[in-house]
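Scroll down for the structure; my scribbles are underneath it.
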Amino acid sequence: MSEIRVTHSGLISLLFGIFTIPVSLAFMVIVTRSLSTIEYGTYTLIIGILVYATIIEPIVNYWSPREIARDIPSGSSTVFFGGVLSLIGILIYVVTIFFISKNTNASPDVLYFGAIIIAPLFVNRMLSAINTGFKPHIPIITGFVFSLSNLIITGFFMLYLKLDVWILIEIITISYIFSIIILGYCAREKLRTKISFDFPRKWIKLSWIPLFSSLGYFLLTIDISIFSILTGSVIGLAFWGVAIAVSKVGESSSYVTRAIYAKILQGKSEELGNTTELLFYFVILFSSLILVFGKSALFILNPQYEISYVILGILTIQTSFWVFSGHFQYSLTSNEKVDIKSEINWKEYFHSKLIRVPLILLLQSISYLTILSIGFVVMKDSYEFLDMLHFWAITLLLTHIPFAFYFYKLVQKNIKIQLDYFRVLKYFLSSIVSFGTVYVLTNKFLVYDSNPFNFAPNVILFAVFGISCYIGLTYIFDSKIRNLFYNIIHEFKKRK
8 MSEIRVTHSG
18 LISLLFGIFT
28 IPVSLAFMVI
38 VTRSLSTIEY
48 GTYTLIIGIL
58 VYATIIEPIV
68 NYWSPREIAR
78 DIPSGSSTVF
88 FGGVLSLIGI
98 LIYVVTIFFI
108 SKNTNASPDV
118 LYFGAIIIAP
128 LFVNRMLSAI
138 NTGFKPHIPI
148 ITGFVFSLSN
158 LIITGFFMLY
168 LKLDVWILIE
178 IITISYIFSI
188 IILGYCAREK
198 LRTKISFDFP
208 RKWIKLSWIP
218 LFSSLGYFLL
228 TIDISIFSIL
238 TGSVIGLAFW
248 GVAIAVSKVG
258 ESSSYVTRAI
268 YAKILQGKSE
278 ELGNTTELLF
288 YFVILFSSLI
298 LVFGKSALFI
308 LNPQYEISYV
318 ILGILTIQTS
328 FWVFSGHFQY
338 SLTSNEKVDI
348 KSEINWKEYF
358 HSKLIRVPLI
368 LLLQSISYLT
378 ILSIGFVVMK
388 DSYEFLDMLH
398 FWAITLLLTH
408 IPFAFYFYKL
418 VQKNIKIQLD
428 YFRVLKYFLS
438 SIVSFGTVYV
448 LTNKFLVYDS
458 NPFNFAPNVI
468 LFAVFGISCY
478 IGLTYIFDSK
488 IRNLFYNIIH
498 EFKKRK
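Printed below as a string of structure tokens:
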């Protein structure tokens, strides 16, 4: 069984996650300044509908990391059967577009063209699942490669063509292919196995578990379709998509926890408490960064999207709860051992955390969609789309908070992690001092300029100052952060 170093893999994941942020934002600047609001709204709708196509994907990649972490040779079977499932995914996507395109002002042709992303997306996800089982940091590294490919290929295309949604879809497809090459190379030792139909038979027999597990996540994505159908327009989705994209920067903090789930699958949960405290450290850092510089980021992307700042602020807080909720969910399901047994006991599966955790998430999703749908129906004829977006963000936040706390209680009950709350408080106070100071300075000295090449460097300087203050204060007052930096330095010295 491969030995996974939690802190080492987590820091590598976080490092490449951080590298991905400026590259992704640079790509977004090009896209948001090149596409009209209708075009960007169409792109947001396509990304949302792609989730429907991948709803069957967990039939395979739900089990693959668990099997790979336990040295079960299912690698080749994972890729082969995942490719077969992609054909079904394309069918689901086309049928969904057929119904949705009749109720929006998006071009049906470009919506259908988005189907070319599905096959490489499936293969990419299958290879990522394999790597997650024994090299948890590799999918994050390839995520960086994917973002960098997007940026480079976009720059190349723009030398000869005007960027539109058609070209954007082609760029994303090509970037997935580059990502697949790297993922395949890194997983090559796990792919040197014969394709066995025993694995697909088992996966299909147990498919109700991953399908049920993914149902809650799937329902959370229906909100985009509900909004576009009820309003009959994708313009609002452009503003929502930009706010979502910037708030997702906060999800980078979750990369530091990636290795712990494979470790728990191997039966070792001792480091969960330390990893959770480290997650607090980076969630607070990234959330503070977005809250202070979110308005500037929106202005850099395109000044017309600056009005989404309040939405972005709400979504940033929601993302923080989402990160912790996901961390606790993965910890609970990784700690479940029912699938180790060769004989399938349906009763044991039904009472396991593999079902209980998704059931709670399903209740959360149903609550969210019910409140959201009622609100949209009431508001659609009397309110502007921006008011509806504010309601959307608030509903998303309020339906995440109680469930995140409940998942934490379940983790405490089942794994009993030890958290130093005083340490977490120190992180909060350091953030308030650091980014509170930066907020005052930016309000006084930061001058907005519509030229991103003039404005972005100034924003970066203030951001670096805020990050440095936060790291400096926590380094002074917290021994764990000092040890973290000592370990990083020691790791670099070992590699010289």
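With this note's numbering applied, the sequence shown corresponds to residues 8 to 503, in that order.
Glycine is no exception: its CB is placed at the ideal position from the N, C-alpha and C atoms.
Original post:
Out of F293, F287, T406, F472, which has the shortest C-alpha to C-alpha gap to F429?
Top reply: When each option's Cα is compared against that of F429, the closest is F287.
Original post:
Would you call the CB atoms of V330 and S20 closer than 8 Å?
Top reply: Not in contact: V330 and S20 (Cβ atoms no closer than 8 Å).
Original post:
Which class does G2 belong to by DSSP, given the choice of helix, strand or coil?
Top reply: A question about residue 2 goes unanswered here, because the residues of the chain that appear run from 8 up to 503.
Subject >> Own chain, CB closer than 7 Å to L305, minus 5 neighbours either side, in chain order >> reply: Closer than 7 Å at the Cβ level, and outside the excluded window around L305, lie V249, V253, Y312, E313, S315, Y316, L319.
Subject >> Cα-Cα separation, M8 to Q336 >> reply: A caution first: M8 carries a pLDDT of 44, below 50, which makes its placement in the model unreliable, though a value can still be read off. Roughly 24 Å between the two C-alpha positions.
Subject >> Residue nearest to N138 in terms of C-alpha spacing, selected from S303, V101, G191 >> reply: With distances taken between Cα atoms, N138 lies closest to G191.
Original post:
Y390 by DSSP, collapsed to three states: which one?
Top reply: Here Y390 sits in coil by DSSP.
Original post:
CA-CA distance, H334 and S295?
Top reply: So the alpha carbons of these two residues sit roughly 20 Å apart.
Subject >> First through last residue of the alpha helix (DSSP H) which encompasses V67 >> reply: Counting along the chain, the unbroken alpha helix (DSSP H) around V67 starts and ends at 65 to 68.
Original post:
Beta carbon of L222, beta carbon of L361: below 8 Å?
Top reply: No, the pair does not count as a contact, with Cβ atoms beyond the cut-off.
Original post:
Curious, which full-length alpha helix (DSSP H) runs of at least 4 residues does the region 375 to 421 contain?
Top reply: If we require 4 residues or more, the alpha helix (DSSP H) runs fully inside the region 375 to 421 come out as 392 to 405, 408 to 421.
Original post:
I think T161 touches L170, with their Cβ atoms under 8 Å apart; what is that distance to the nearest whole Å?
Top reply: Indeed, because the Cβ distance is near 7 Å, the residues count as touching under 8 Å.
**OP:** Give the secondary structure of F289 by DSSP, where H, G and I count as helix, E and B as strand, and everything else as coil.
**Re:** Collapsing the DSSP output to three states places F289 in a helix.
Original post:
Is the beta carbon of S303 within less than 7 Å of some heavy atom of the ligand MG?
Top reply: Ligands in the displayed structure: none, and consequently the ligand MG is not present.
**OP:** Pull up the distance between the alpha-carbon of V30 and that of E355, whole angstroms please.
**Re:** Their backbone Cα atoms lie some 46 Å apart in a straight line.
Original post:
Near I229, what residues of its chain come up, given a Cβ to Cβ distance below 7 Å and the 5 sequence neighbours on each side ignored?
Top reply: Cβ within range, chain order: L376.
Original post:
Helix, strand or coil: how does DSSP classify I483 here?
Top reply: If DSSP states are grouped into helix, strand and coil, I483 belongs with the helices.
Original post:
Whose C-beta lies closer than 7 Å to the C-beta of F300 among residues of the same chain, with five residues either side of it excluded?
Top reply: Contacts found: V466, A470.
Original post:
Just how far apart, CA to CA, sit V364 and K416?
Top reply: Looking at the backbone, the Cα of V364 and that of K416 are separated by about 12 Å.
Original post:
Do I176 and G121 have their CB atoms nearer than 8 Å?
Top reply: Cβ distance < 8 Å, so I176 and G121 count as in contact.
Original post:
V13 to Y455, Cα distance in whole Å?
Top reply: Caution applies to V13, whose pLDDT of 47 falls short of 50 and renders its modelled position unreliable; the model cannot decide the point.
Subject >> Own chain partners of S93 with C-beta closer than 8 Å, once the 5 adjacent residues on each side are dropped >> reply: I125, A126, L128, F129, V130, listed in sequence order.
Subject >> Candidates P143, I62, V172: closest to T39 by CA position >> reply: That would be V172, whose Cα lies nearest to the Cα of T39.
Subject >> As assigned by DSSP and simplified to three states, the class of T200 >> reply: Coil at T200, not helix or strand.
**OP:** Please specify which runs of the alpha helix (DSSP H), each continuous and at least 4 residues long, are wholly inside the region 64 to 146, giving them in chain order.
**Re:** Qualifying alpha helix (DSSP H) stretches, in chain order: 65 to 68, 71 to 76, 82 to 107, 115 to 120, 125 to 139.
**OP:** Compare the beta carbon distance of Y47 and A245 with 8 Å and say whether it is the shorter of the two.
**Re:** With respect to the 8 Å criterion, Y47 and A245 are classified as neighbours on the basis of their beta carbons.
Original post:
Could you give the C-beta distance for V152 and I184, rounded to a whole number, given that I count them as a contact under 8 Å?
Top reply: Their Cβ separation, rounded to whole angstroms, is 11 Å, which puts V152 and I184 out of contact at 8 Å.
**OP:** Could you name the residues of the same chain whose beta carbon sits closer than 8 Å to that of I255, not counting the 5 residues immediately before and after it, in chain order?
**Re:** Looking at the sequence shown, residue 255 is not Ile but Lys. Non-local beta-carbon contacts of K255 in its own chain, meaning distances under 8 Å to residues more than five positions away in sequence, involve T326 in chain order.
Original post:
Buried or exposed: I496, going by 16 or more other Cβ atoms within 10 Å of its Cβ?
Top reply: By the C-beta density criterion, I496 is exposed, having fewer than 16 other C-beta atoms within 10 angstroms.
Original post:
Can you tell me whether H407 is buried or exposed, with buried defined as 16 or more other CB within 10 angstroms of its CB?
Top reply: Only buried fits H407, as 16 or more other CB atoms lie within 10 angstroms of its CB.
Original post:
When we look at the beta-carbon of F23 and count the other beta-carbons within 10 Å, is it buried (16 or more) or exposed?
Top reply: Counting every other CB atom within 10 Å of its CB across the protein chains shown gives F23 a total of 16 or more, marking it as buried.
**OP:** Could you tell me which of T340, I79, I147, N461 sits nearest to K197, measuring between CA atoms?
**Re:** In terms of Cα proximity to K197, the closest of T340, I79, I147, N461 is I79.
Original post:
In three-state terms, what does DSSP make of I424?
Top reply: If DSSP states are grouped into helix, strand and coil, I424 belongs with coil.
**OP:** Give a yes or no on whether the C-beta atoms belonging to I236 and T103 are separated by under 8 Å.
**Re:** Going by C-beta atoms, I236 is not nearer than 8 Å to T103.
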